[in-house]
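Chains as they are written, first to last, in the numbering used here: chain U, 1 to 243; chain W, 244 to 468; chain R, 469 to 696. C-beta: ideal position from N, C-alpha, C; glycine also. Quick caveat, the model's predicted, so the values are computed rather than measured. Each remark here refers to the structure printed beneath this line.
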């Protein structure tokens, strides 16, 4: 049974002057799936993901997200829809001058009516940061900052997770935590889009696969066992060789 | 999300961050004092002519020191790309802009209220007469400069030579605000009644409204592209 | 297509320029008090109006760009601002050549000159910003926003300067607008203005074509780099 797509890109183009970074992307993400968005650097993964996150708008076409009511479609720029999304981008989006607790409190208040004390405590414990809750983020090690960023993204229990190259530059502890959280989210029926050029990790978690090649959608389908067995061959089959 | 609530969340966050380091306010205050020193050589503080341009001198101090504050406004969001975090959140552009404009205005008012008595001492200017009007002029003038300056701070956040671009872009546009503020301030310093200058008060209020509306309308394009 | 229209406009402006020169030096009567130097008026003032028209054109183009995101409007905006800047420069440079022999001063801060200078700074700011940003998408959006603010601000600046200068009177160069102008002087002034506008159109078309070509080349360059 196919459910109505949760996020949809319809006829999306992105131009930088005359250069088309994305060409006619039609991509649906069904609810409850974990989509691995693959492609080389410069293929357009980050560009597309930023559009899903409402950080940039398409030059042509539209990005829509289905409303809570069945069949209702709204544009992504509405605040109500953005509340349902959690994002981990290339940077950590954490304020160095605020403490761990203050950072979570600030973002919590952006995403919800209150910043529940217990929830902040819970996430500080989960990420192993409760012993430094009152220390400014600038004092943290790299791994600690990454874990705080993960807490920030998952804090408001988002229905949709957008993760842009999340496993690059994560230390073991943070990578472990993230994998666990993604699996938990999937088990809870959340929808996840992971963009990456690291095939194995993504395919281990994904239910669906999409490949971007030079701005075009080269492949879209479920993640099968054959695919997982020989990811490099599969990938090469759908992307044109470079000169 | 309620615009008003979002505005105050952003404003409080910015002020809290600034209070932690006090970087910008210290730099701006020091710069203001340096300018006052330089002016004392360029303009004879005891001369009658200087009294006539006192309003202009004071506002020059405010804008040159104030531009440091405005520049920092969105520049501090580039660390760790926090600006993306704000734009991706349910917050729309208007509370982000207004929140930062409010925090900038607070910082600038602090700068102005500290500089004003020092200016009064250095240049023998009586600023306590008509203080209520003076504070109103400070508030209105500062808001107008700040709301445009904050929007342009967002605009130039990724541009090279950002520090030079901001004054070049902001000051020609906000010239009427400056003119009105200078005219009103000079009149107040000279102790004369403010009634004949009411047109300038209307200019201030009009510009504030026009630029705030314009900035609010265009901020989404600036932040999202 | 653009080639032809700019060629026609260029030819037309060339012809009109010759006519204007004839009218200015051989047809229009000598001004009573200022003598032959006054004739600079017919070349010094019209460019200011052209510059004003340029920023308004830039305003409209910028608004249209933000609504449609069609880069042809961005081409139009940058062309209007750049050519307008040239005309404003002409206005500013010629001013002192008229003022000095006639009034003994190089410059005065009357409403018109101050506004011309502010406009020049606005144009310059736009052009510098333009060169400082590499990403065409962000650049076009940024510059559109800047022009909208500058156009609105520019109008307010002009009005505010008129009030300011009535409180702080300065010598007004050239008298008030059309004060006591002989009708023949009016004709020549208007003809010169028309000439300048046609010339503006010719330069605008050429600049637009240049921008379009630049965009194409930039697009090709990015495509090549993305393949590498």
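Partner residues on chain U for residue i, Cβ-Cβ distance less than 8 Å
i	result
residue 683 of chain R	17 and 18
residue 536 of chain R	Residues of chain U passing the Cβ test: none, with the nearest at roughly 10 Å.
residue 468 of chain W	56 and 57
residue 260 of chain W	95, 97 and 98
Neighbouring residues, chain U, relative to residue i (Cβ below 7 Å)
i	result
residue 603 of chain R	16
residue 470 of chain W	No information on residue 470 of chain W is available, as it lies outside the stretch 244 to 468 that chain W covers here.
residue 690 of chain R	16 and 19
residue 539 of chain R	17
Listed by chain order, chain W residues near residue i by CB distance under 7 Å
i	result
residue 595 of chain R	Those do not exist, as residue 595 of chain R stays about 11 Å from chain W at its closest Cβ, beyond 7 Å.
residue 586 of chain R	415 and 418
residue 53 of chain U	331
Contacts around residue i, its chain only, beta-carbon distance under 7 Å, and the 5 residues preceding and following it disregarded
i	result
residue 50 of chain U	56
residue 344 of chain W	389, 390 and 393
residue 359 of chain W	370
residue 459 of chain W	337 and 340
residue 45 of chain U	37, 39, 195 and 212
residue 686 of chain R	604
residue 170 of chain U	146 and 178
residue 15 of chain U	59
residue 598 of chain R	546, 607 and 611
residue 71 of chain U	For residue 71 of chain U, the predicted model reports a pLDDT of 38, less than 50, meaning its position is unreliable; a value from the coordinates is still stated below. Around residue 71 of chain U: 4.
residue 387 of chain W	417, 420, 447, 450, 451 and 454
residue 165 of chain U	90, 195 and 196
residue 679 of chain R	543, 546 and 547
Close-in-space but distant-in-sequence residues of the same chain around residue i (CB under 8 Å, 5 per side omitted)
i	result
residue 469 of chain R	Annotation note: pLDDT 47 at residue 469 of chain R (below 50); position unreliable, coordinate value reported separately. Excluding sequence neighbours, residue 469 of chain R sits near nothing in its chain.
residue 621 of chain R	590
residue 11 of chain U	24, 25, 26, 60, 61 and 62
residue 68 of chain U	In this prediction, residue 68 of chain U scores a pLDDT of 41, lower than 50, which makes its location untrustworthy; no coordinate-derived value is stated.
residue 595 of chain R	549, 550 and 553
Opposing strand residues paired with residue i [DSSP bridges]
i	result
residue 361 of chain W	DSSP lists no partner for residue 361 of chain W.
residue 27 of chain U	U/9
residue 14 of chain U	U/22
residue 136 of chain U	U/99
residue 164 of chain U	U/195
residue 208 of chain U	U/35 and U/222
residue 213 of chain U	U/216
residue 63 of chain U	U/9
residue 87 of chain U	U/162
Contacts that residue i makes with chain R (C-beta to C-beta distance below 7 Å)
i	result
residue 419 of chain W	624, 625 and 628
residue 42 of chain U	694
residue 464 of chain W	534, 609 and 613
Proximal residues to residue i (C-beta, below 6 Å), its chain only, five neighbours per side dropped
i	result
residue 427 of chain W	380, 440 and 443
residue 398 of chain W	465
residue 485 of chain R	663
residue 346 of chain W	254, 257 and 258
Neighbouring residues, chain U, relative to residue i (Cβ below 9 Å)
i	result
residue 445 of chain W	None at all; the shortest Cβ gap to chain U is about 36 Å.
residue 448 of chain W	Near residue 448 of chain W there are no residues of chain U at all, since even the closest Cβ is about 31 Å away, more than 9 Å.
residue 686 of chain R	16, 17, 18 and 19
residue 252 of chain W	106, 109 and 110
Residues that residue i contacts on chain R, provided the C-beta gap is smaller than 8 Å
i	result
residue 452 of chain W	Correct list: empty, because the minimum Cβ distance to chain R is about 12 Å.
residue 408 of chain W	593, 596, 597 and 600
residue 403 of chain W	600
Rounded distance between the beta-carbons of residue j and residue i, thought under 8 Å
i	j	result
residue 328 of chain W	residue 606 of chain R	19 Å between Cβ atoms; not a contact.
residue 530 of chain R	residue 663 of chain R	Incorrect: roughly 27 Å between the Cβ atoms, too far for contact.
residue 272 of chain W	residue 357 of chain W	6 Å
residue 22 of chain U	residue 215 of chain U	5 Å
residue 161 of chain U	residue 187 of chain U	That pair is no contact at about 13 Å.
residue 163 of chain U	residue 88 of chain U	5 Å
residue 372 of chain W	residue 434 of chain W	5 Å
Interface residues of chain R facing residue i [CB-CB closer than 9 Å]
i	result
residue 396 of chain W	Chain R residues near residue 396 of chain W: none, gap ~12 Å exceeds 9 Å.
residue 422 of chain W	625, 628, 629, 631 and 632
residue 391 of chain W	617 and 621
Chain W residues whose Cβ lies nearer than 9 Å to that of residue i
i	result
residue 589 of chain R	411, 414 and 415
Return the residues of the region 192–218 of chain U that lie within a Cβ-Cβ distance of less than 7 Å from chain R, sorted by chain order.
214
At a Cβ cut of 7 Å, what residues of the region 318–338 of chain W count as close to chain U, listed as they run along the chain?
For the region 318–338 of chain W, residues whose beta-carbon sits nearer than 7 Å to a beta-carbon of chain U comprise 322, 323, 324, 325, 327, 328, 330, 331, 332, 333, 334 and 335.
Give the residues from the region 606–624 of chain R that approach chain W closer than 7 Å (Cβ to any Cβ), ordered along the chain.
Of all residues in the region 606–624 of chain R, the ones placed with a Cβ closer than 7 Å to any Cβ belonging to chain W are 606, 609, 610, 613, 614, 616, 617, 618, 620, 621 and 624, in chain order.
When Cβ atoms are compared, which residues of the region 74–106 of chain U fall closer than 8 Å to chain W?
77, 79, 80, 82, 83, 85, 87, 89, 90, 91, 92, 93, 94, 95, 96, 97, 98, 102 and 106
Name, going along the chain, the residues of the region 148–180 of chain U whose beta-carbon falls closer than 8 Å to a beta-carbon of chain W.
152
Taking a cut of 8 Å between CB atoms, which residues from the region 107–127 of chain U lie near chain W?
Under the 8 Å Cβ criterion, the region 107–127 of chain U contributes 107, 109, 110 and 111.
Which of the residues in the region 343–365 of chain W, read from start to end, lie with their CB under 8 Å from any CB of chain U?
none
Members of the region 424–443 of chain W that neighbour chain R once the beta carbon cut-off is set at 7 Å
442
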